[in-house]
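Beneath this line is the structure, given in structure tokens, with notes to follow.
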Amino acid sequence: MLRAAGVGVGDEVIVSAFGNVEVCEAVTMAGARPVFADIDPLSYGLDASAVEAAVSPRTSAVVVVHRFGRPADVAALRGVGQRHGLLVLEQGESEAPCDEVAQRRQRAAYLDAKLRGVHTPDGGVGHTYQQYVVRVPGNGRPDRDAFARSLRARGVECWVPVKTPVHRLPAFRECVALPETERAAEETLALPVDGALTKRDMQRTVSACNALGGLLQPAF
């Protein structure tokens, strides 16, 4: 898509560093240079104001990635593109059958109502919950990784959705201020919400998370 749009050597393409290294690889394969902008902390997609601040005379395109089934603010990002004459491309996520999405939303709603001690995701419009991603801030206490180890010890599956932001990977290392990206990489943890989970599975997840909730209280 980048090549078809005429993006190539000497151009810059604004991308997110929160996962999706393949987007940066595609940009470099087209001969352009990826430029990182920060994310919105609720959608985990590119933040429109951060994108606007990253625009330079060489910027030719913006690649928007929808994360975890939560749509990015495409309208705001297209507005930036229109103001600066930029191509705005979207990388979507694979679509699941409607009944599967409905089951995930049902389980996500259950977790939203029951979980304590973690920050539950902002649903937003059209969230399909391909991943149910909570925040586990450290606050001077055991951090997200310790929390995850404790959950697994209690029989709850969980995983870190983005272990290392792209701008910290050797191939794309760059000294750039991306505070929301860094914070998300340190705090996010995905919990299971797929349709195969039973009510007992969901209760186990809630019990295990809530039993650890005291770890997240501010340290005095």
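As numbered in our numbering, residues -13 to 206 make up the sequence shown, in order. Glycine is no exception: its CB is placed at the ideal position from the N, C-alpha and C atoms. All figures in this text were calculated on a predicted structure; none of them were measured in a lab.
Three-way DSSP call (helix, strand, coil) for residue i in this model
| i | result |
| --- | --- |
| S46 | strand |
| A182 | coil |
| Q116 | coil |
| Q51 | The sequence given here has Val at residue 51, not Gln. Three-state result, V51: strand. |
| L159 | Looking at the sequence provided, one finds Arg at residue 159 rather than Leu. Three-state DSSP puts R159 in coil, outside helix and strand. |
| R(-11) | coil |
| P204 | Because the pLDDT of P204 is 41, which lies under 50, any placement of that residue in the model is unreliable, and the number read from its coordinates should be weighed accordingly. Residue state, collapsed to three classes: coil. |
Range covered by the alpha helix (DSSP H) that runs through residue i
| i | result |
| --- | --- |
| R64 | 60 to 70 |
| F133 | 130 to 139 |
| R19 | Where R19 is concerned, there is no enclosing alpha helix (DSSP H), although the beta strand (DSSP E) it sits in stretches over 19 to 23. |
| A176 | A176 -> not in any alpha helix (DSSP H); beta strand (DSSP E) instead, spanning 174 to 177. |
| L97 | 84 to 100 |
| C10 | 7 to 15 |
Segment limits, beta strand (DSSP E) that includes residue i
| i | result |
| --- | --- |
| V261 | Only positions -13 to 206 of the chain appear in this structure, which leaves residue 261 out of reach. |
| V74 | 73 to 77 |
Top-ranked residue by Cα proximity to residue i, from the options
| i | options | result |
| --- | --- | --- |
| L183 | A39, R91, V162, A61 | R91 |
| Y118 | Q189, R64, V146, D131 | V146 |
| G71 | A82, P151, T45, F54 | T45 |
| G31 | D59, G17, D85, A18 | D59 |
| R102 | A(-9), C195, G(-4) | C195 |
| F22 | V148, V179, G181, R159 | R159 |
| Q68 | V37, E81, Q89, P83 | V37 |
For residue j and residue i, believed in contact at Cβ under 8 Å, the rounded distance
| i | j | result |
| --- | --- | --- |
| L63 | A18 | The Cβ separation is near 18 Å, so there is no contact. |
| V122 | R130 | 4 Å |
| V50 | V74 | 6 Å |
| P151 | A3 | 4 Å |
| A34 | G5 | No, A34 and G5 are not in contact; Cβ-Cβ is about 19 Å, not under 8 Å. |
Inset, instruction - Mind the definition here: the region 150 to 167 touches the region 21 to 34 only if three or more C-beta pairs lie below 8 Å; say whether that holds. - result: Verdict: yes, contact present.
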